[in-house]
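One structure is given here, and the rest of the page talks about it.
2 protein chains.
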Amino acid sequence: MKEGNKKRKEQIIKNTLKASYRAPQFVANLSEYLGFSEEKIEHLFEKKYLAPNWGKHEALLRFDKEISGIERGTVVYEKDGGFEKILGFPKIRRAMVLEPTLKKQFRKIRSLAVEEKMNGYNVRVAKIKGEVIALTRSGYICPYTSERAKVKLNLEFFDKHPNLVLYGEMVGPDNPYVPKTSYEIESIKFFIFDVREKNTGKPLPIALRRKLLKSYGFFQVKLFGEFPLEKAPAEIKKIIQQLGKIEHEGVVIKDPEMLLPPIKYTSSQSNCSDLQHAFLFYNETGRDYMLSRIVREGFQTVEWNESEKDFEKRCMQLGKSILSPLRKSIQDVKEKRRLFEEGRIRVRELETARCFEEYLKRLGVEASFEEPKPVGEEFLIEIKKINKSTHDKTAAIWEGQLW
Amino acid sequence: MKEGNKKRKEQIIKNTLKASYRAPQFVANLSEYLGFSEEKIEHLFEKKYLAPNWGKHEALLRFDKEISGIERGTVVYEKDGGFEKILGFPKIRRAMVLEPTLKKQFRKIRSLAVEEKMNGYNVRVAKIKGEVIALTRSGYICPYTSERAKVKLNLEFFDKHPNLVLYGEMVGPDNPYVPKTSYEIESIKFFIFDVREKNTGKPLPIALRRKLLKSYGFFQVKLFGEFPLEKAPAEIKKIIQQLGKIEHEGVVIKDPEMLLPPIKYTSSQSNCSDLQHAFLFYNETGRDYMLSRIVREGFQTVEWNESEKDFEKRCMQLGKSILSPLRKSIQDVKEKRRLFEEGRIRVRELETARCFEEYLKRLGVEASFEEPKPVGEEFLIEIKKINKSTHDKTAAIWEGQLW
Numbered sequence: 015m016k017e018g019n020k021k022r023k024e025q026i027i028k029n030t031l032k033a034s035y036r037a038p039q040f041v042a043n044l045s046e047y048l049g050f051s052e053e054k055i056e057h058l059f060e061k062k063y064l065a066p067n068w069g070k071h072e073a074l075l076r077f078d079k080e081i082s083g084i085e086r087g088t089v090v091y092e093k094d095g096g097f098e099k100i101l102g103f104p105k106i107r108r109a110m111v112l113e114p115t116l117k118k119q120f121r122k123i124r125s126l127a128v129e130e131k132m133n134g135y136n137v138r139v140a141k142i143k144g145e146v147i148a149l150t151r152s153g154y155i156c157p158y159t160s161e162r163a164k165v166k167l168n169l170e171f172f173d174k175h176p177n178l179v180l181y182g183e184m185v186g187p188d189n190p191y192v193p194k195t196s197y198e199i200e201s202i203k204f205f206i207f208d209v210r211e212k213n214t215g216k217p218l219p220i221a222l223r224r225k226l227l228k229s230y231g232f233f234q235v236k237l238f239g240e241f242p243l244e245k246a247p248a249e250i251k252k253i254i255q256q257l258g259k260i261e262h263e264g265v266v267i268k269d270p271e272m273l274l275p276p277i278k279y280t281s282s283q284s285n286c287s288d289l290q291h292a293f294l295f296y297n298e299t300g301r302d303y304m305l306s307r308i309v310r311e312g313f314q315t316v317e318w319n320e321s322e323k324d325f326e327k328r329c330m331q332l333g334k335s336i337l338s339p340l341r342k343s344i345q346d347v348k349e350k351r352r353l354f355e356e357g358r359i360r361v362r363e364l365e366t367a368r369c370f371e372e373y374l375k376r377l378g379v380e381a382s383f384e385e386p387k388p389v390g391e392e393f394l395i396e397i398k399k400i401n402k403s404t405h406d407k408t409a410a411i412w413e414g415q416l417w
Numbered sequence: 015m016k017e018g019n020k021k022r023k024e025q026i027i028k029n030t031l032k033a034s035y036r037a038p039q040f041v042a043n044l045s046e047y048l049g050f051s052e053e054k055i056e057h058l059f060e061k062k063y064l065a066p067n068w069g070k071h072e073a074l075l076r077f078d079k080e081i082s083g084i085e086r087g088t089v090v091y092e093k094d095g096g097f098e099k100i101l102g103f104p105k106i107r108r109a110m111v112l113e114p115t116l117k118k119q120f121r122k123i124r125s126l127a128v129e130e131k132m133n134g135y136n137v138r139v140a141k142i143k144g145e146v147i148a149l150t151r152s153g154y155i156c157p158y159t160s161e162r163a164k165v166k167l168n169l170e171f172f173d174k175h176p177n178l179v180l181y182g183e184m185v186g187p188d189n190p191y192v193p194k195t196s197y198e199i200e201s202i203k204f205f206i207f208d209v210r211e212k213n214t215g216k217p218l219p220i221a222l223r224r225k226l227l228k229s230y231g232f233f234q235v236k237l238f239g240e241f242p243l244e245k246a247p248a249e250i251k252k253i254i255q256q257l258g259k260i261e262h263e264g265v266v267i268k269d270p271e272m273l274l275p276p277i278k279y280t281s282s283q284s285n286c287s288d289l290q291h292a293f294l295f296y297n298e299t300g301r302d303y304m305l306s307r308i309v310r311e312g313f314q315t316v317e318w319n320e321s322e323k324d325f326e327k328r329c330m331q332l333g334k335s336i337l338s339p340l341r342k343s344i345q346d347v348k349e350k351r352r353l354f355e356e357g358r359i360r361v362r363e364l365e366t367a368r369c370f371e372e373y374l375k376r377l378g379v380e381a382s383f384e385e386p387k388p389v390g391e392e393f394l395i396e397i398k399k400i401n402k403s404t405h406d407k408t409a410a411i412w413e414g415q416l417w
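Next up, the structure:
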């Protein structure tokens, strides 16, 4: 065989392997499992709305978009000659004002459970094809979070409950995704707020879920209590004001049976802290993201019927949350410093850090990893993620470019 | 002839008249005049990027979009067997920081003229086919502004200079478009900032323009002076701070010969006053519009190297400019008041008000006109423009709808 021919054949085999998830029989089977036509499946692959993960997890397909009621971030894969799927995080909608919203949305039930909404990053952990894996909100398999899950969790849970998925929040300073938070956590902890079945996504009722998680020693988000519907708005206001004082984010208000969809509500401090981060990178953060946080402040001050003094405090806090980070970034670029976001990871295996670096690159994140520092049996690694768009825009303005 | 046939024929004739600007010969002639292919002209008509005005001004075609360097708002019409056009307002770009921008953009010239940028609405006035007409920024013929132009201006100018167009700003409280301003004007005045030739859009040099306008007794925007390039940033900073104190908008910095494009720069008070208006109607105003005004505040505080005390004042001003109007609108809707924008017109003929009402309706603006009040020989009419989108969104939230 000629060299050219051989190379060509190798390329064909490689492409076939890569594209195995697009083989006709696979498409036919998946079509049957999801109840979509084969054309629709082909279309989803074409548009990359349904796309493989990378490397050894290629067989786990992720929905990059909500399709016919299947949440974005849902992951589907072959299992025992059939398929299995892990549903994405259901989008939790927001109350802009407490009283009218709770009365309307929960009118069918008598009491509401209130749990803390923490500020970290969303992760699902499940045993998939014999391996405990952490999926991000978008359905990617994060190598760092997967290692942390295996290190931190009592893995017996997954053997006893192979059909259950833990939905939670990774919180703490050893966090590559979310800017610094105000919890008293030394490294990183996985706070679970939901346990759901594979395939159906059916959640456990709150009491059952909390009891089960407790029995495995898992961390859970705080439960503030169960309140009768009429008293809930006033109780939640008190909770939110307390949470705000310690710079915590807010609450998720739930049907104890988990039959109605939960609703979130956040503190003013959380809105402002989002803004502080957003305006550091004013050219990268979505306009909708920024404006929605501002509008929430307007509704909260009216619903709470604030005094002029409290209103002025709120104005000052809002103004500072916007202008301080803007000033910092603009000043930094003026003085030729690069803009970046800081993160940190703590790994047991340096290989995990290497995989994570590769993973970020694949996601299109430009990041530099500092030298690992040994801490006990683990390694701490600082990460700087470059914010090119805001940096370049700001630098161009300092060079006299027009807006 | 049967009744049905007759109606059909009438309809055909009506459509033909309406579509006369799309007749093949007209398209061919216009194609030659603009230097566009006939297909391109047809395409522009199809997409309504080139569209007729209404009623008796149907023959004046307006560019609803910038096309091949022809500004949006440009108006073109038949004249003496050929065509004539009035170019739109050239977009004036903005300096986010003064010193680097002026040095870069005006490096080819020695001195800069600084004129006031006023807060009103942009109007071009010209004699078109024997009639003095006021064109809005988008190239519509505003019946109210056209009447005001005829009442207020020395019309001899247009007989002596049939080839010149006045570019200016309508400022004052008898203003249907722009919320209340801070100038000491009783009714409405037309401040001219540019005089340009028909067809070419070529501007008069500043000194010549000012002399010509003065000789006709026209109002002009204030000229703060001509400054050497090196001193201009410091001088303009002083001017801007003075303008800010009296709640004026800012300046336009120009090449005295008008060969380079002008650049605008505004006061913090102007940014904040834009925000005050924008957040009253938070669901209608563009996100980009809001964010750009916020970002300007960041650049100004860094370029001016402000003290902490001044920075805190700026934060407070920003926070209040955002939250006060938000609070007002949210509170108004909570208490079942409708949200609207107020405007006012002062007309000589009640027929003008009627035409203007019809005109707003055509533009899709929902407005209610109060009873005319006679004032001397004229009539004052208050106008309430309904802001449906913000009202409905806010009302839905008060009824418990989720965000």
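Protein chains in written order, with our numbering: chain F, 15 to 417; chain H, 15 to 417.
From the three backbone atoms N, C-alpha and C, an ideal C-beta is built for every residue, glycine too.
Best match in the options for proximity to residue i [C-alpha to C-alpha]
i: residue 112/F; options: 319/F, 372/F, 400/F, 325/F; result: 319/F
i: residue 184/F; options: 149/F, 178/F, 217/F; result: 149/F
i: residue 101/F; options: 82/F, 55/F, 415/F; result: 82/F
i: residue 125/F; options: 216/F, 244/F, 80/F; result: 244/F
i: residue 179/H; options: 223/H, 106/H, 250/H; result: 223/H
i: residue 411/H; options: 109/F, 256/F, 327/F; result: 109/F
i: residue 44/H; options: 74/H, 69/H, 70/H; result: 74/H
i: residue 225/H; options: 208/H, 88/H, 257/H, 90/H; result: 208/H
i: residue 404/F; options: 396/F, 59/F, 315/F, 297/F; result: 297/F
i: residue 306/H; options: 327/H, 326/H, 392/H, 284/H; result: 284/H
i: residue 242/H; options: 391/H, 116/H, 409/H; result: 116/H
i: residue 249/F; options: 279/F, 231/F, 272/F; result: 279/F
i: residue 168/H; options: 332/H, 214/H, 228/H, 397/H; result: 228/H
i: residue 58/H; options: 47/H, 79/H, 321/H; result: 79/H
i: residue 406/H; options: 339/H, 364/H, 351/H, 121/H; result: 351/H
i: residue 326/F; options: 368/H, 335/H, 321/H, 397/H; result: 335/H
Bounding residues of the alpha helix (DSSP H) (the contiguous stretch that carries residue i)
i: residue 343/F; result: 322-348
i: residue 48/H; result: 38-48
i: residue 370/F; result: 364-376
i: residue 61/F; result: 52-61
i: residue 223/F; result: 220-229
i: residue 237/H; result: Run containing residue 237/H: none in the alpha helix (DSSP H); it sits in the beta strand (DSSP E), 237-242.
i: residue 307/F; result: 301-317
Within 8 Å, strictly: CB atoms of residue i and residue j
i: residue 212/F; j: residue 99/F; result: yes
i: residue 429/H; j: residue 275/H; result: With chain H covering 15 to 417 only, the question about residue 429/H has no answer from this structure.
i: residue 370/F; j: residue 104/F; result: no
i: residue 187/F; j: residue 206/F; result: no
i: residue 202/F; j: residue 138/F; result: no
i: residue 401/F; j: residue 353/F; result: yes
i: residue 153/H; j: residue 76/H; result: yes
i: residue 146/H; j: residue 166/H; result: no
i: residue 260/F; j: residue 128/F; result: no
i: residue 189/H; j: residue 358/H; result: yes
Residue i, enclosing beta strand (DSSP E) - first and last residue
i: residue 208/H; result: 203-211
i: residue 395/F; result: 392-400
i: residue 180/F; result: 178-185
i: residue 106/F; result: Counting along the chain, residue 106/F falls outside any beta strand (DSSP E), and DSSP gives it neither H nor E.
i: residue 93/H; result: 89-93
i: residue 355/F; result: 354-361
i: residue 387/H; result: 387-389
i: residue 98/F; result: 96-100
The segment 309-323 of chain H touching the segment 137-144 of chain H, judged by at least three CB pairs closer than 8 Å: no
The segment 275-289 of chain H contacting the segment 154-171 of chain H, beta-carbon criterion three pairs below 8 Å: Touching, no, given that fewer than three Cβ pairs across the two stretches are closer than 8 Å.
Segment contact, 8 Å Cβ cut-off, at least three pairs: the segment 337-348 of chain F with the segment 366-385 of chain H: no
Complete runs of the beta strand (DSSP E) confined to the segment 247-297 of chain H [at least 3 residues]: 264-268, 277-280
Given 8 Å, three or more beta-carbon pairs between the segment 227-239 of chain F and the segment 125-136 of chain F: Yes, the segment 227-239 of chain F is in contact with the segment 125-136 of chain F.
Ranges of the alpha helix (DSSP H) found wholly within the segment 110-176 of chain F, counting only runs of at least 4: 112-119, 157-166, 170-174
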